[in-house]
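2 protein chains.
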Amino acid sequence: MPGKGQRARAAIVEVASDLFYRQGYGATSYADIAVRTGFGKGNIHYYFNSKEELLKAVAEMRMEKYRKLLEQWSLECGPPYDCLERIVSLFEKNAGDLAKYGCPIGTLNDELGKNNPELQEEARQMMDIFLRWLEARFRALLPPDEARDHAEQLLAMAQGAALLAHAYRDPGLVKRQADAARHWLSKICENEPHA
Amino acid sequence: MPGKGQRARAAIVEVASDLFYRQGYGATSYADIAVRTGFGKGNIHYYFNSKEELLKAVAEMRMEKYRKLLEQWSLECGPPYDCLERIVSLFEKNAGDLAKYGCPIGTLNDELGKNNPELQEEARQMMDIFLRWLEARFRALLPPDEARDHAEQLLAMAQGAALLAHAYRDPGLVKRQADAARHWLSKICENEPHA
DNA sequence: AATATTATAGTACGGTCGTACAATCGTCAA
DNA sequence: TTGACGATTGTACGACCGTACTATAATATT
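For the record, the sequence lines run as chains E and V. Our numbering applies: residue -5 is where the first sequence begins, and numbers increase by one. Our numbering applies: residue -5 is where the second sequence begins, and numbers increase by one.
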């Protein structure tokens, strides 16, 4: 079992990640995190000397999760379509939260992109994890340059669907886009069976 | 010619719109607007009693522009494909700004969606102008429910492309997605010539 | 048990923001 | 020319934020 400090640190990161997602990075204060963790405000600064450090810790924690999830998917799932379809299902399953808060990765990139290039770099890396994973899957079906294009395309569909669902507060939008994405995927997979 | 006050008011709205786009709504202060307009800080509050009012004025100004643009397109352009393709070209033409600042409509929805439901309503209306226009165009090709779906899909592609281009600071991403969108559009237009 | 180190809390500082307000300026009608 | 009113300015207030600092409690080490 990790030491007391490690557990407190992890708890702070977990709460911060949740608040950054639901309220945004800029709108989340140390005070908010203090209340939600039960720790005093000063204690959070003891673990993270600045808000930027805290965001970086959150980003690392999230990326760890994403990497593990995708790595497992790479092992588990069979034909490329089934593998790629999991990403679509992941979005569909989270349609409710996407409509309420948007995509955790997309909205963070958006927020940090305008005024915080250094921190946005962290958010971009989260996006890149998914982009590269998708590209690797598409390489089983398509030549390299087309694989990259298709990965961008699927990710753009997902991000666009999340953004619109958030704008309209309508989870149904995610579901409709998911169906469209599956249709698009199935056409690609039958056109190029084993390239 | 409009009175002095009207011109000052319009100038403030114009500057605010630009800063809201490039820095975001939250990160733009009255002081910023004062510097850029040359007016004193207090004078801006003379025209707009609150920042919320200012955003609403910006939203109305933008919507006026969008509505006029789309109305003109509705009149000018011929077959549905040419008409729809204009939206794609609009995004492509602005690829540079999209990569730097994201989509003016999408990023505003994103920012306001998390903490400012009332103001996000304004941003959503901007999105709706485009969605409804797209839906109307698709109705020339498809049955009503499919038209709505396709409008959502094209808008999602565009928003997703802008978000990714912003995240990666890569205008090329917009261009690649624009080509993909054109391909998608052309398939729809040839499948259903005159539904 | 004594001590050093880690963990936690509370508070105060400097800065910025949106807003309010009082004072001044410009302009044009009476 | 005076006066009224719209336009403009500068400043001050209260709130909140990230951060720094000091003191205290808990834990570990010797």
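Just so it is clear, CB atoms sit at the ideal spot from N, CA and C, and this is done for glycine as well.
Could you compute how far the alpha carbon of residue i sits from the alpha carbon of residue j?
i                : j                 : result
Ile182 (chain V) : Gly90 (chain V)   : 28 angstroms
Leu113 (chain E) : Gln171 (chain V)  : 26 angstroms
Ser83 (chain V)  : Gly(-3) (chain V) : 37 angstroms
Asp104 (chain V) : Ala93 (chain E)   : 11 angstroms
Ala152 (chain V) : Asp139 (chain V)  : 20 angstroms
Ala189 (chain E) : His177 (chain V)  : Here Ala189 (chain E) scores only 41 on pLDDT, less than 50, and its place in the model should not be relied on; the value that follows carries that caveat. Spanning the two alpha carbons is a distance of roughly 22 angstroms.
Ile123 (chain V) : Cys97 (chain V)   : 15 angstroms
Gln147 (chain E) : Arg1 (chain V)    : 44 angstroms
Tyr24 (chain V)  : Ala130 (chain E)  : 47 angstroms
Asn109 (chain V) : Ala21 (chain E)   : 8 angstroms
Lys62 (chain V)  : Pro137 (chain V)  : 27 angstroms
Glu8 (chain V)   : His144 (chain E)  : 38 angstroms
Thr101 (chain E) : Cys71 (chain E)   : 29 angstroms
Ala134 (chain V) : Arg126 (chain V)  : 13 angstroms
Phe85 (chain E)  : Ala117 (chain E)  : 18 angstroms
Ala155 (chain E) : Tyr162 (chain V)  : 19 angstroms
Val168 (chain E) : Ala150 (chain E)  : 13 angstroms
Gly5 (chain V)   : Ala141 (chain V)  : The question names Gly, but residue 5 (chain V) is Ala in the sequence shown. Computed Cα separation, rounded: 39 angstroms.
Arg16 (chain V)  : Ala174 (chain E)  : 33 angstroms
Trp67 (chain V)  : Leu158 (chain V)  : 27 angstroms
According to DSSP, simplified to helix, strand and coil, what is residue i?
i                : result
Leu167 (chain V) : helix
Leu135 (chain V) : coil
Thr22 (chain E)  : coil
Cys183 (chain E) : helix
His188 (chain E) : Note that His188 (chain E) has pLDDT 46, beneath the 50 cutoff, so the model's placement of it is unreliable and the number below is only indicative. His188 (chain E) falls in the coil class under three-state DSSP.
Ser68 (chain V)  : helix
Asn37 (chain E)  : helix
Gly100 (chain V) : helix
Gly32 (chain V)  : coil
Phe42 (chain E)  : coil
Asn109 (chain E) : helix
Along the alpha helix (DSSP H) that carries residue i, what are the first and last residues, could you check?
i               : result
Tyr75 (chain E) : 74 to 87
Phe14 (chain E) : -2 to 17
Looking at the ligand SAH, does it come within less than 7 angstroms of residue i, judged from the CB to the closest heavy atom?
i               : result
Gly36 (chain E) : For the structure depicted, the ligand SAH is absent and the ligand set is empty, with no information on it obtainable.
Against chain E, which members of the stretch 128 to 146 of chain V pass a CB distance test of less than 8 angstroms? Residues of the stretch 128 to 146 of chain V that bring their beta carbon within less than 8 angstroms of a beta carbon in chain E comprise Asp143, Glu146, in sequence order.
When Cβ atoms are compared, which residues of the stretch 30 to 51 of chain E fall closer than 9 angstroms to chain V? none
Given a limit of 8 angstroms on CB to CB distance, which residues of the stretch 61 to 84 of chain E reach chain V? Considering only beta carbons, no part of the stretch 61 to 84 of chain E lies closer than 8 angstroms to chain V.
What are the residues of the stretch 157 to 175 of chain V that lie near chain E, defined by any Cβ-Cβ distance shorter than 7 angstroms? Leu157, Leu158, His160, Ala161, Tyr162, Leu167, Arg170, Gln171, Ala174
Near-chain V residues of the stretch 8 to 27 of chain E - C-beta to any C-beta below 8 angstroms: Arg16, Gln17, Gly18, Gly20, Ala21
Quick one: which residues of the stretch 87 to 113 of chain V get their C-beta closer than 8 angstroms to a C-beta of chain E? List them in chain order. Per Cβ criterion, the list reads Tyr95, Gly96, Gly100, Thr101, Asn103, Asp104, Glu105, Gly107, Lys108, Asn109.
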